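Following: one structure in structure tokens, then a few remarks.
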Amino acid sequence: MAEETSRRTFFTFLRDKDIVFSAKRYGIDALGAMAQGLFASLLIGTIIGTLGEQLGVQLLIDIGGYAKAATGPAMAVSIGFALHCPALVLFSLVAVGGAANSLGGAGGPLAVLIVSIIAAECGKLVSKETKIDIIVTPCVTIGVGALLSMWCAPAIGAAASSVGGAIMWATELQPFFMGILVAVIVGLALTLPISSAAICAALGLTGLAGGAAVAGCCAQMVGFAVMSFRENRWGGLFAQGIGTSMLQMGNIMKNPRIWIPPTLASVITGPLATCLFRMEMNGAAVASGMGTCGLVGQIGVYTGWVSDVSQGLKPGITPMDWVGMLLICFVLPAVLTLLIAWPMRRIGWIKEGDLKLEL
Numbered sequence: 003m004a005e006e007t008s009r010r011t012f013f014t015f016l017r018d019k020d021i022v023f024s025a026k027r028y029g030i031d032a033l034g035a036m037a038q039g040l041f042a043s044l045l046i047g048t049i050i051g052t053l054g055e056q057l058g059v060q061l062l063i064d065i066g067g068y069a070k071a072a073t074g075p076a077m078a079v080s081i082g083f084a085l086h087c088p089a090l091v092l093f094s095l096v097a098v099g100g101a102a103n104s105l106g107g108a109g110g111p112l113a114v115l116i117v118s119i120i121a122a123e124c125g126k127l128v129s130k131e132t133k134i135d136i137i138v139t140p141c142v143t144i145g146v147g148a149l150l151s152m153w154c155a156p157a158i159g160a161a162a163s164s165v166g167g168a169i170m171w172a173t174e175l176q177p178f179f180m181g182i183l184v185a186v187i188v189g190l191a192l193t194l195p196i197s198s199a200a201i202c203a204a205l206g207l208t209g210l211a212g213g214a215a216v217a218g219c220c221a222q223m224v225g226f227a228v229m230s231f232r233e234n235r236w237g238g239l240f241a242q243g244i245g246t247s248m249l250q251m252g253n254i255m256k257n258p259r260i261w262i263p264p265t266l267a268s269v270i271t272g273p274l275a276t277c278l279f280r281m282e283m284n285g286a287a288v289a290s291g292m293g294t295c296g297l298v299g300q301i302g303v304y305t306g307w308v309s310d311v312s313q314g315l316k317p318g319i320t321p322m323d324w325v326g327m328l329l330i331c332f333v334l335p336a337v338l339t340l341l342i343a344w345p346m347r348r349i350g351w352i353k354e355g356d357l358k359l360e361l
């Protein structure tokens with residue numbers, strides 16, 4: 003009886019601290035928030051910096067550099083926000099994110115995710131439990147985060163980097179089959195309530211694999227946007243085409259068949275991106291999982307071109323580069339999805355209203 007009471011008291015304490023051990027809290031909420039932190043630092047900094055380089059404006063280059071320097075703290079604070087951290091815990095995560103991202107190397111985002119979650123929950127445990135909360139809470143949050151970063155961030159980063167490297171190596175070796183695999187998986191992740199951008203960033207997915215990821219994401223976003231135009235008109239076109247195909251998740255749960263056309267489109271555009279157009283993402287890895295959201299995927303591909311040209315890895319940006327991006331990211335996803343959806347509507351697999359959004 004005493005043991006049962008103690009257990010109940012412990013779980014009540016966790017509930018009062020808003021500590022919830024669940025896949026949704028850590029795998030969806032925290033991961034999705036981390037992607038926003040990445041966007042608000044590394045990605046936007048890269049875009050601003052590239053714009054400055056193209057225009058020859060040093061001020062924009064400096065601003066972009068400052069934004070990129072805040073990547074680790076921005077991710078950690080975003081994760082803390084998703085975990086409903088009290089103020090002192092949230093602010094203390096700035097130091098935790100900086101340490102984990104720096105020590106995690108190329109796999110820094112994954113290290114930040116894991117370390118920040120643990121540090122945040124430890125900080126929440128002690129938050130407002132003592133009369134010297136302003137000392138205890140930051141000490142525990144930063145102490146746990148910094149020690150974990152020193153102990154495991156390099157290993158986490160190396161593991162994530164190895165997995166990403168293996169995917170990129172396999173894509174170079176087998177561009178056709180890996181083009182399909184990467185495009186489909188990352189595209190599905192974009193539409194699911196998880197963050198494809200955070201996954202790509204955590205694995206450092208760039209190069210041909212990054213290009214396939216962009217293709218898969220564009221197939222989902224543009225595909226759903228054009229396929230549902232008769233139900234959602236222009237508002238739906240823009241909401242999904244430059245917003246997110248995740249808006250269709252409720253409809254997919256009702257009729258999973260509506261997911262077939264954009265997914266099959268990614269099966270085609272993925273290998274076309276890797277084999278025919280050799281479209282690479284050599285910008286920020288997070289852009290590989292963004293698709294046409296705010297045109298971030300396309301801006302990422304372009305910044306990669308610019309970077310490659312400046313480093314002498316590419317002689318110049320060619321008309322074929324632009325044709326490939328236009329076809330893979332916009333034209334083919336739209337045309338292929340409509341062609342695949344047409345017979346499915348005729349046989350009743352997709353019915354009128356199946357793609358309707360409440361906008």
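Residue numbers (our numbering): 3 to 361.
Backbone N, C-alpha and C fix where the C-beta goes; we use that ideal spot for every residue, glycine too.
Note that this is a predicted model, so its numbers are computed, not measured.
Check: Coarse secondary structure for M283, derived from DSSP in three states; Outcome: strand
Check: Residues near I144 by beta carbon distance below 8 Å, same chain, minus five either side; Outcome: S94, A97, V98 and A121
Check: Reduced DSSP category for P273 - H, G, I as helix; E, B as strand; rest coil; Outcome: helix
Check: Cα-Cα separation, M152 to K353; Outcome: 55 Å
Check: First and last residue of the uninterrupted alpha helix (DSSP H) at Q242; Outcome: F231 to G243
Check: As assigned by DSSP and simplified to three states, the class of M292; Outcome: coil
Check: Three-state class that DSSP yields for S24 in the structure shown; Outcome: coil
Check: Assigned secondary structure, C362 (DSSP; H/G/I helix, E/B strand, else coil); Outcome: Residue 362 cannot be examined here, being either before or after the span of the chain that is shown, 3 to 361.
Check: Of the residues V142, S197, I319 and M255, the one placed nearest G39, counting alpha carbons only; Outcome: S197
Check: C-beta contact flag for Q242 and M255 at 8 Å; Outcome: no
Check: N- and C-terminal bounds of the alpha helix (DSSP H) containing E123; Outcome: G110 to V128
Check: Presumed contact (8 Å Cβ cut-off) between E174 and G355, rounded CB distance; Outcome: With 8 Å as the limit, E174 and G355 do not qualify as a contact, their Cβ atoms being about 44 Å apart.
Check: CB of C220 within 8 Å of CB of A287, strictly; Outcome: no
Check: Distance between A37 and A199 (C-alpha atoms, nearest Å); Outcome: 6 Å
Check: Reference S164, options M229, E131 and A108, closest by Cα; Outcome: A108
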